[in-house]
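Student: Chains as they are written, first to last, in the numbering used here: chain A, 1378 to 1507; chain B, 1378 to 1507. Structure in structure tokens, see below.
There are 2 protein chains.
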Amino acid sequence: MKDIKHFLRQNSLRPTKQRVIIANYLFDGINKHVTAETLSNELLKMKAGISLATIYNTLHDFYEKGLLKKLMINSERIYFDTNTEHHHHFYSKKDQKLIDINVDMKVSGLPKPPKNKKINKIEVLVHLDN
Amino acid sequence: MKDIKHFLRQNSLRPTKQRVIIANYLFDGINKHVTAETLSNELLKMKAGISLATIYNTLHDFYEKGLLKKLMINSERIYFDTNTEHHHHFYSKKDQKLIDINVDMKVSGLPKPPKNKKINKIEVLVHLDN
DNA sequence: ATATCAGTTTAGAATGATTCTAATGTATTG
DNA sequence: CAATACATTAGAATCATTCTAAACTGATAT
């Protein structure tokens, strides 16, 4: 991402110091899965003194603007994904780690959705053993 | 379930008053998705004075014995499923409701799992729009 | 039956992720 | 550069869940 400030403005987000730092980290071209906690740790490493409250606010602001996806992986914390394309995941419970599946997969044999309901999207989570 | 006490004993669970009540409710032949909260509400309706702590304990005990499945649906609470067969779900965020998909589905185009990892199971969650 | 003891239940405290509050700070607009 | 709308923050509050430790109960041996 060359011009983060411009990028934030384009998404109706004021380019504050904190948002610039966080956006620079998140949108550096490498897709990431973060939680408030892991992001906080990264920011601590780079000595950006950003409060936890701001980290939560920013993740949600980015999510509201569609810059992040929320993942429903487990009930212990919320995962945010910088890859907002439709895609699937491997999940290793042991490592508490997610890996993107970027190839196209097809699900066949799907039954009709209940009356008056339409399918929005299909998410496949492939659990790994070890 | 005719003999709940026997059923509990078979699963190395002492048939206490509370467990019998909860098992009777959960394993009445109709598959259910419950959270500690929804289960607590049901039990309140039937005036079973069972503490929340016991509800949590019991759900986990049943889970440990493989009588319930844990579902990772959202990050707000833990869902338990009385259907322990491998199956998939429709999920309506709006209704906060899960519907079992009991037909066989196939996922094709799956990439190889990462080195030294083996696929344990594949979970498909079909998000509904409305 | 009864005593014993391991396994259970429970109220209430503790925890941990997240959200809220309200005071202070800062980007934007005119 | 003043005004103001939006952001940040520390710390309190919230909420689901887990823990603690005391009281209780089902199973087993006597």
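The C-beta atom is built at its ideal place from N, Cα and C for all residues, glycine as well.
Pick out the complete alpha helix (DSSP H) segments inside the stretch 1402-1488 of chain B, 4 residues or longer, and give them in chain order.
Tutor: The stretch 1402-1488 of chain B contains these whole alpha helix (DSSP H) runs: 1413-1422 and 1429-1441.
Student: Which bits of chain B does PHE1467(A) rub up against, with CB to CB less than 9 Å?
Tutor: Chain B residues near PHE1467(A): PRO1488, PRO1490, PRO1491, LYS1494 and ILE1496.
Student: Between SER1485(B) and SER1485(A), how many whole angstroms is the CB-CB distance? I'm expecting something under 8 Å.
Tutor: 7 Å
Student: For ILE1396(B), is the classification buried or exposed, using 16 other Cβ atoms within 10 angstroms of its Cβ as the cut-off for buried?
Tutor: According to the sequence as given, residue 1396(B) is Arg; it is not Ile. ARG1396(B) comes out buried.
Student: Inspect the CB distances between the stretch 1456-1467 of chain A and the stretch 1418-1425 of chain A and report whether three or more fall short of 8 Å.
Tutor: no
Student: Tell me, please, whether the CB atom of ASN1460(A) is closer than 9 Å to any CB atom in chain B?
Tutor: no
Student: In this structure, does DSSP put LEU1390(A) in helix, strand or coil?
Tutor: Of the three classes helix, strand and coil, the one that applies to LEU1390(A) here is coil, per DSSP.
Student: Could you run through the stretch 1416-1433 of chain A and flag, in chain order, every residue whose CB is less than 8 Å away from some CB of chain B?
Tutor: none
Student: Enumerate in chain order the residues of its own chain whose CB-to-CB distance from THR1431(A) is below 7 Å, with the five nearest sequence positions on each side excluded.
Tutor: GLN1395
Student: Is the shortest distance between the beta-carbon of PHE1414(B) and the beta-carbons of chain A less than 9 Å?
Tutor: Contrary to the premise, residue 1414(B) reads as Glu rather than Phe in this sequence. No Cβ of chain A is located within less than 9 Å of the beta carbon of GLU1414(B).
Student: Spatial neighbours of GLU1500(B) within its chain, please: CB distance less than 6 Å, with the 5 preceding and 5 following residues excluded, ordered by chain position.
Tutor: none
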